[in-house]
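Residue numbers (this note's numbering): 241 to 392.
This is the structure we're talking about:
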């Protein structure tokens, strides 16, 4: 059974994962409209992954006797100056999500919810991969230069 604090922070994370999905969907649409199909495909895949993360939280809360709440998601930005800005935002957002996942872990530990503390470790590891992936793309963009973006 989830404590009220763990349920609340998990529901907050449901909103953040849903917003992440919409953010990457909007970024992907912008990139696709600019003719950047490879980048759009990567962003669309990230959008799907973030939605899957949201569903994991929903199922976890409900399976543990809580009530997962599906919030209204705020609208993400829909225009960008360029691909470097997009991926700088991706990295910044993933760092925000990492901090948020760490807060879920901290609350679970404080509430002595060992099951949630154990379960959330998958997300802790996932965030290491997410940040690394974003940073690698930024590094490749730096190497490729402004015109090389079309090869990505």
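We put the beta carbon where it would ideally sit given N, CA and C, even for glycine.
Values in this document were obtained by computation on a predicted structure and should not be read as measured data.
- In the three-state reduction of the DSSP assignment, residue 351 falls in the coil class.
- Contact between residue 249 and residue 344 holds, with the beta-carbon distance rounding to 5 Å and staying under 8 Å.
- Residue 264 is positioned such that its CB atom lies no closer than 9 Å to that of residue 242.
- No Cβ-Cβ contact shorter than 9 Å links residue 316 with residue 363.
- Straight-line measurement puts the Cα of residue 303 at about 42 Å from the Cα of residue 322.
- Annotation: the continuous alpha helix (DSSP H) that includes residue 245 extends over 244 to 273.
- For residue 302, the uninterrupted alpha helix (DSSP H) segment begins and ends at 277 to 303.
- Remark: C-beta atoms of residue 311 and residue 255 approach each other more closely than 9 Å.
- Of the other Cβ atoms in all chains shown, 16 or more fall within 10 Å of the Cβ of residue 286; this residue is therefore buried.
- Unbroken alpha helix (DSSP H) runs of no fewer than 4 residues, entirely contained in the region 337 to 383, are found at 354 to 359, following chain order.
- Between the C-alpha atoms of residue 369 and residue 261 there is a straight-line separation of about 17 Å.
- Shown here, residue 317 sits in coil according to DSSP, grouped into three states, outside any helix or strand.
- Taken through DSSP and simplified to helix, strand or coil, residue 311 comes out as coil.
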